[in-house]
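First up is the structure itself, then whatever we jot down about it.
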Amino acid sequence: MHNQAANSKVRTFLNIAAAIVIAVVAVVQLVCSVASLLPRSPIADFGLSLDQAWRVGHIVPGSPADRADIRVGDFIDLRHQPIHDRYVFMGPAVPNPGDVTRIVVEHDGRRRTVTLRATRLQFSVADATSQATQIAGFVVFLSVAFILVIVRPGLMTWGLYMASAAAAWLLPGSPPNLPPKWMLPYILFWDNVLSPAGPVGLLVFCLCFPANEPSGWRMKVEKLLPYALIFFVTTGTIQDINRFFSARPSTFVDWYQHFWDLTLTATALVGFYSLASAYKVSNALERQRI
1 MHNQAANSKV RTFLNIAAAI VIAVVAVVQL VCSVASLLPR SPIADFGLSL
51 DQAWRVGHIV PGSPADRADI RVGDFIDLRH QPIHDRYVFM GPAVPNPGDV
101 TRIVVEHDGR RRTVTLRATR LQFSVADATS QATQIAGFVV FLSVAFILVI
151 VRPGLMTWGL YMASAAAAWL LPGSPPNLPP KWMLPYILFW DNVLSPAGPV
201 GLLVFCLCFP ANEPSGWRMK VEKLLPYALI FFVTTGTIQD INRFFSARPS
251 TFVDWYQHFW DLTLTATALV GFYSLASAYK VSNALERQRI
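The letter at position 191 of the sequence shown is residue 191 when you use the working numbering, and the numbering goes up by one with no holes.
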């Protein structure tokens, strides 16, 4: 009896400690999103984003890239760029205000070297309001999930909590301004551990709702989820390493992105079907009781 009580206290402590650690990780990313809205934001931009083929996919009007006459479809040669530039152009990192980079731009077969100086992000009232709304929604989502996982720890509540924590990576903003040697582990952790854990956790919640454990076909799907998570952690890490370190555009990155999009769609459909069927069964049981 004494051992059971001691084990229960240990499990409670570990549950609370794990929940707090995940909350801190999510809040770090949340702070970065809030910082981007400040008048003297430490976040800047060169004004362009690249696709997986190293071609310009978007230009911000009036940005340094726009003033340098860089156009959508131009090829940017990243082979000799510093690794931090790849994190900026191909990943979630952002430059500091005033940072300077030199890039080789190819347009219609002609190559030229362009110097860009990062400028602070300027948000319109509509953009700032939209981002603030997203941040507020995330805070509510994370807070509710945190309370549930503390009060009623279980597979279902932990699934919802992991989904809420992973949502921090979707907020507008950027990772903290880390040194290059720390930026890669940070991106890999968020991109390939917490991000896949989010959809997996949400699906676990849907499969376990409302009894806190899956049954029937849901149990079979739930048993496959750890293998799916391992698969996405592994392949996601490979595609990020390809994206940041490859000497040429990588087709694997494109393949992975399409596969990830299809997986998210399938996850949403299975989760919705599980919730809808559980609701239908509960309604039928309620009618029988009446």
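The C-beta atom is built at its ideal place from N, Cα and C for all residues, glycine as well.
Distance check between Leu37 and each of Ile135, Val100 and Gly154 places Ile135 closest, using alpha-carbon atoms only.
Between Ser49 and Gly62, the C-beta spacing is not below 8 Å. Closest by C-alpha distance to Ser41, out of Ala23, Ala211 and Asn177, is Asn177.
With fewer than 16 neighbouring CB atoms inside 10 Å of its own CB, Phe231 falls in the exposed class. His58: member of the beta strand (DSSP E) spanning Val56 to Ile59, first to last residue.
The DSSP-derived three-state label of Ser49 is strand.
When DSSP states are grouped into helix, strand and coil, Glu213 belongs to the coil group.
In the DSSP secondary-structure assignment, His107 is bridged to Arg110. The region 69 to 81 and the region 17 to 34 do not touch, with fewer than 3 CB-CB distances between them shorter than 8 Å. Phe209 sits close to Leu275, with the two beta carbons spaced by under 8 Å. Within the same chain, and ignoring the five residues on either side of Gly159 in sequence, the residues whose Cβ sits closer than 6 Å to its Cβ are Gly201, Val204 and Phe205.
Under the DSSP assignment, Asp77 falls in the beta strand (DSSP E) whose first and last residues are Phe75 to Asp77.
Put simply, the backbone Cα of Val253 is about 16 Å away from that of Pro196. For Leu38, there is no enclosing alpha helix (DSSP H), as DSSP gives it neither H nor E.
Setting aside the 5 residues that flank it on each side, Met90 is surrounded in the same chain by Leu50, Arg243 and Phe244, each with a C-beta closer than 7 Å to its C-beta; the list follows chain order. Contact between Ala166 and Phe138 does not hold, since their C-beta atoms are separated by about 11 Å, which reaches or exceeds 8 Å. Ranked by Cα distance from Val72, the options Gln81, Val88 and Val60 are led by Val60. Inter-residue distance for Thr265 and Phe272 is about 11 Å (C-alpha atoms, whole angstroms).
The C-beta of Trp54 has 16 or more other C-beta atoms within 10 Å across all chains shown, which makes the residue buried. Note that the C-beta distance between Met183 and Pro172 is not below 8 Å.
Its chain contains Leu207 and Pro214 as the residues whose beta carbon lies nearer than 6 Å to that of Glu222, once the 5 sequence neighbours on both sides are disregarded; these appear in chain order.
Take Lys220, set aside five residues on each side of it, and no residue of its chain has a beta-carbon closer than 7 Å to its own. Straight through space, the alpha carbons of Arg86 and Ala247 are spaced by roughly 12 Å.
The alpha-carbon separation between Ile83 and Pro180 amounts to approximately 7 Å. Apart from sequence neighbours up to five positions away, the residues of its chain that approach Leu148 with a beta-carbon distance below 8 Å are Thr157, Leu160 and Tyr161, ordered along the chain. With 16 or more other Cβ atoms from the protein chains shown falling within 10 Å of its own Cβ, Ile103 counts as buried. Within the DSSP secondary-structure output, Ala44 pairs in a beta bridge with Arg120. Per DSSP, Pro180 is one residue of the alpha helix (DSSP H) stretching across Pro180 to Phe189.
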